[in-house]
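So for the sequence shown, this note's numbering puts the first residue at 4; every next one is plus one.
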Amino acid sequence: MRKCLLLLVGLACTQAYSETRIVYGQDNRVDLKNVRNQKIQELSKSIAGRISNYSYSTGSKNGHIAFEDILKLSDPNSMNVCSDQKFSNQPTVADCTGFLIADNILVTAGHCMTEMGIVVKNESSRGCLNNSWLFDYKVDSGGEIDLNNVKQSNIYGCKNVIYAKYEPMDDFAIIELDRKVVGRRPLKLNKSKAPRKNTKIFVMGHPSGLPMKYADGAKIFDVKNAYFSTNLDTFGGNSGSPVFNAKTLMVEGILVRGDVDYYESRNVAGDTCMKVNVCSAQRSNCIEDDPGIEGEHVSLIARVLQNLL
4 MRKCLLLLVG LACTQAYSET RIVYGQDNRV DLKNVRNQKI QELSKSIAGR
54 ISNYSYSTGS KNGHIAFEDI LKLSDPNSMN VCSDQKFSNQ PTVADCTGFL
104 IADNILVTAG HCMTEMGIVV KNESSRGCLN NSWLFDYKVD SGGEIDLNNV
154 KQSNIYGCKN VIYAKYEPMD DFAIIELDRK VVGRRPLKLN KSKAPRKNTK
204 IFVMGHPSGL PMKYADGAKI FDVKNAYFST NLDTFGGNSG SPVFNAKTLM
254 VEGILVRGDV DYYESRNVAG DTCMKVNVCS AQRSNCIEDD PGIEGEHVSL
304 IARVLQNLL
């Protein structure tokens, strides 16, 4: 089990990060500043990271907030990722990802909002009230991010959990925010039939709590009744990320679980740190493998929407 961000409260951080992810073949994660497609840039505006209400101060008079005790990915009290690993010097302030499906409704993974086997319906739960959702958590064009000067208008509270379910086959949550989201459009969803095998897909979200990343170069390997499996490069923190059809740009599902993220590495001095677990593009030959799961699993969005009817 990975070390959790100390600043995370509400639901236990081990729960939010328990559904692990991995890299397949080449690591396709990039910062949004490196994505030239303006349609994808527009989609990214509708995606948020979950943050603890106790991780930032609201005393500023200019409409901005400041995060406290910011940890980097390489910090021992964060993921303790080795300094030579990708994004090791970036901050980690989120523990889940969510996205808009209406002007005040957000969808995320069920394990971000409830415990295994417990259904939450129309309830202002602890996991709801103790956390908020931050939009535009991204690095700027220079690769920097100022977490001491974040627009408070980009932070939305959780008013109510409309429906949350965390079971082996179903893992999703539908959340009502504390107000309508301004200047951001709900994402378009595939409400009809399930996607086909070999469909090309991409994902956007907050792997390991990092500023938003875009990862493409993936496809669907298998489709089940409730989810499909894929070779997306995703990690804990990507839980709840929208997975898009690369052709239609519609959301096909919610990223919910996958193989082991990191493995322990030891240098000649005997010090340990974590390195990214790498598998082949075909989801095999992993450095460290979990025999209980093959690839990354994505809850079908059409199945989720049945609970809004």
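All residues carry an ideal CB built from backbone N, CA and C; glycine is no exception.
Under the three-state reduction of DSSP, Lys-222 is assigned to strand. Taking every protein chain shown into account, the CB of Glu-255 has 16 or more other CB atoms within 10 angstroms, so this residue is buried.
Under the DSSP definition of a beta bridge, Asn-163 partners with Glu-179. Contact between the segment 223-232 and the segment 119-127 is absent, with fewer than three C-beta pairs closer than 8 Å. The C-beta separation of Ser-49 from Pro-189 comes to about 7 Å, placing the pair in contact by the 8 Å criterion. In the three-state reduction of the DSSP assignment, Pro-210 falls in the helix class. Contact between Ile-158 and Ser-127 is absent: CB atoms are separated by about 17 Å, not below the 8 Å threshold. Straight through space, the alpha carbons of Leu-35 and Gly-146 are spaced by roughly 10 Å. Thr-61 and Asp-143 have their C-alpha atoms roughly 22 Å apart. Residue pairing for Asn-248: DSSP places it in a beta bridge opposite Ile-204.
Note that the C-beta distance between Val-263 and Asn-280 is below 9 Å. Taken in chain order, the complete alpha helix (DSSP H) segments of 4 residues or longer contained in the segment 90-162 are 129-132. With a cutoff of 9 Å on beta-carbon distance, Gly-160 and His-209 are scored as not near each other. When secondary structure is reduced to three states using DSSP, Leu-190 falls in the coil class, being assigned neither helix nor strand.
Here DSSP, grouped into helix, strand and coil, assigns Ala-305 to helix. Residue pairing from DSSP places Tyr-59 in a beta bridge opposite Phe-70.
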